[in-house]
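For the sequence shown, the positions run 70 to 375 when our numbering is used.
Heads up, the beta-carbon is just placed ideally off N, CA and C, and yes, glycines get one too.
For clarity, every value in this text was computed on a predicted model and none was experimentally measured.
Input: a single structure, listed below in structure tokens.
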Amino acid sequence: MPEPRWYKGNIHTHTTESDGDDTPENVVGWFRRHGYDFLVLSDHNHLTLFEYAEGRRKFKKPLLVPGEEVTLRVNEGRTAVHINAIGISRVVEPIDADGVVSTLQANVDAIVSAGGIASLNHPNFLWSFDHDDISQVTGATLLEIFNGHPATNVYGAPGKPSYEEIWDGVLSNGKAIFGVATDDSHHYKDFHPGKANPGRGWVVVRADELSSDAIVEGLASGDFYSSTGVELADLESSQESVSLRIEQQFDFIYTTSFVGRDGETLSEVNGLEASYQPRGDEGYVRATVKSSSGTAAWTQPVFLSG
């Protein structure tokens with residue numbers, strides 16, 4: 070059995086098959102040139118099945134995992150329900166079930182029925198749903214805790230929780246869900262902060278091999294971390310200890326915050342190595358690593374039995 074390895078990928082990507090500004094071939098090429106191991110082409114309500122051309126130029130990366138962004142509006146168009154379907158075997162048609170929670174649930178169920186796992190996308194886009202709504206939904210595996218699209222209100226507002234606060238709200242309600250960082254990339258020809266460009270957020274999955282099944286299983290089991298630029302050299306998580314080691318970049322300074330129930334900071338550690346031994350009464354433990362460059366990484370929660 071080979072030793073597990075870390076594989077970098079993006080699970081929220083658009084092409085000209087929906088509202089992206091470049092073709093699937095060119096989009097895949099961008100991620101290949103930038104060192105990604107796997108990619109989900111998640112066009113709106115469309116299963117984009119791009120296959121590498123046979124012949125002299127055969128590429129093995131990035132591995133293409135089937136996906137779709139199941140997309141609809143409810144509440145007379147005021148509320149956006151967008152859910153990524155990852156590893157599906159067929160197109161998932163969006164279902165309007167009237168309310169936000171009922172629509173989330175109906176589409177999560179449809180994604181699971183199509184053989185995929187469900188990622189709840191950009192909850193603050195149009196301020197559409199929060200931790201109370203998500204906590205009523207069963208079967209969702211992933212939640213975006215960072216989205217690189219400039220219109221998604223990642224950091225919240227007065228009276229509106231940030232994505233990370235929404236995540237902690239769900240976890241504090243006892244609902245296990247894993248946090249993902251994504252590009253939500255649409256624009257590949259014009260790079261500036263007002264565009265939805267690639268390369269802003271990704272996941273790094275630990276798997277025995279680079280295959281669609283192994284990547285989806287790593288996402289489904291939470292064996293990954295999410296990042297906007299911070300790279301981890303090592304990560305071990307259990308009910309006894311959460312420990313990590315950070316790859317130094319330039320002269321950046323790193324701070325790791327270990328977070329528990331209700332988003333409480335349990336411990337902060339400066340430097341390239343950090344660890345925390347849970348007491349057992351903290352509900353869960355996860356880590357956020359922040360760099361002086363402004364980038365971050367997030368580990369997945371470990372629920373405690375105490």
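- Straight through space, the alpha carbons of Ala343 and Gly298 are spaced by roughly 18 Å.
- Secondary structure of His218 (DSSP, three-state): coil.
- The beta carbon of His151 sits closer than 6 Å to the beta carbons of Glu138, Thr140 and Asn190 from its chain, once the five residues preceding and following it are set aside; these are given in chain order.
- Contact annotation, Pro370 with Val354: C-beta distance approximately 7 Å; criterion of less than 8 Å satisfied.
- Sequence-distant partners of Asp178 (beyond 5 residues in either direction) whose C-beta falls short of 7 Å from its own C-beta, in its chain, are Gly208.
- Considering only His261, Thr210, Glu234 and Val181, the residue with the shortest C-alpha distance to Thr334 is Glu234.
- Between the segment 268-284 and the segment 209-221 there are three or more inter-stretch CB-CB distances shorter than 8 Å, so the stretches are counted as touching.
- The beta-bridge partner set that DSSP reports for Glu305 consists of Ser312.
- Separation of Thr364 and Gly78 (C-alpha to C-alpha, rounded to the nearest whole angstrom) is 17 Å.
- Between the segment 244-251 and the segment 285-295, the count of C-beta pairs closer than 8 Å reaches three or more; the two stretches touch.
- Of the residues assessed, Ala265 falls on the buried side of the cut-off, its CB having 16 or more other CB atoms within 10 angstroms.
- For the 7 Å CB-CB criterion, Val311 and Tyr294 do not form a contact.
- Of the candidates Gln318, Leu133, Asn222 and Gly104, Leu133 places its Cα closest to the Cα of Ile80.
- In this structure Lys258 is not in contact with Asp88, their Cβ atoms being roughly 14 Å apart against a cut-off of 8 Å.
- By the criterion of a C-beta distance shorter than 7 Å, Gly329 is surrounded in its chain by Leu335, Glu351, Gly352, Tyr353 and Val354, once the five residues flanking it on both sides are discounted.
- Taking all protein chains shown into account, Glu309 has fewer than 16 neighbouring C-beta atoms within 10 Å of its C-beta and is therefore exposed.
- Across the structure, His83 and Val97 are spaced so that their CA atoms are roughly 10 Å apart.
- A straight line joining the alpha-carbon of Phe327 with that of Phe372 spans about 13 Å.
- When DSSP assignments are scanned along the segment 142-225, the uninterrupted stretches of beta strand (DSSP E) that are 3 or more residues long and fall wholly within it turn out to be 148-155, 186-189 and 211-216.
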